[in-house]
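Visitor: The structure is given below, and queries will be raised subsequently.
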Amino acid sequence: LLAQSLQHQINKVLYGESIPVSFEPNNLLQWSYSGQQFAWETPFDRSSPTPLVELKASKDFYKQVDLAIVSGKQISDTVIELSWELSLVWPTFWAPRILLAGS
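Counting with this note's numbering, you get residues 1218 to 1320 for the letters of the sequence shown.
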């Protein structure tokens, strides 16, 4: 449910609208991303407090941004590791697509 909720929030940031889901929409609010509830670990420099804010900012640079949570694994009672795939269209005249995967 956590991964579905976060994917819903990602879709809202990237596409500006809610994508229909097959479960009760009120449950989506249970897992709202905030800096106090979730830890965001990344090896990259970050200028935003959450990945959702960073995604929104990336839309100004890249021609197209798509992000999918592909799986999740519960490590402990308070830790869940999510695997994701990020696809970007680099803003050059030949528009190469870049695919990054991580967890």
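The beta carbon of each residue, even a glycine, is placed where N, CA and C say it ideally should be.
Over what stretch of residues does the alpha helix (DSSP H) that includes K1290 continue unbroken?
Guide: Run containing K1290: none in the alpha helix (DSSP H); it sits in the beta strand (DSSP E), Q1281 to Q1291.
Visitor: With DSSP collapsed to three states, give me the class of S1194.
Guide: There is simply no residue 1194 to check, as the chain begins at 1218 and stops at 1320 in what is shown.
Visitor: Using only alpha-carbon positions, find the residue among T1295, V1287, D1283 and V1296 that is nearest to K1229.
Guide: When each option's Cα is compared against that of K1229, the closest is D1283.
Visitor: Could you check which residue in F1310, I1292, S1288 and V1296 has the C-alpha nearest to that of A1318?
Guide: Checking every option, the nearest Cα to that of A1318 belongs to S1288.
Visitor: Got a sec? Which residues, its chain only, sit under 7 Å from A1220 by beta carbon, not counting five neighbours each side?
Guide: Taken in chain order, the residues that qualify are I1286, G1289 and L1299.
Visitor: Which first and last residues belong to the beta strand (DSSP E) in which A1318 is found?
Guide: Here the beta strand (DSSP E) through A1318 covers R1314 to G1319.
Visitor: What first and last residue would you give for the alpha helix (DSSP H) that runs through E1271?
Guide: Here the alpha helix (DSSP H) through E1271 covers P1268 to S1275.
Visitor: What do you get for S1222, buried or exposed, if any count of 16 or more other CB atoms within 10 angstroms of its CB means buried?
Guide: Buried, since its Cβ has 16 or more Cβ neighbours within 10 Å.
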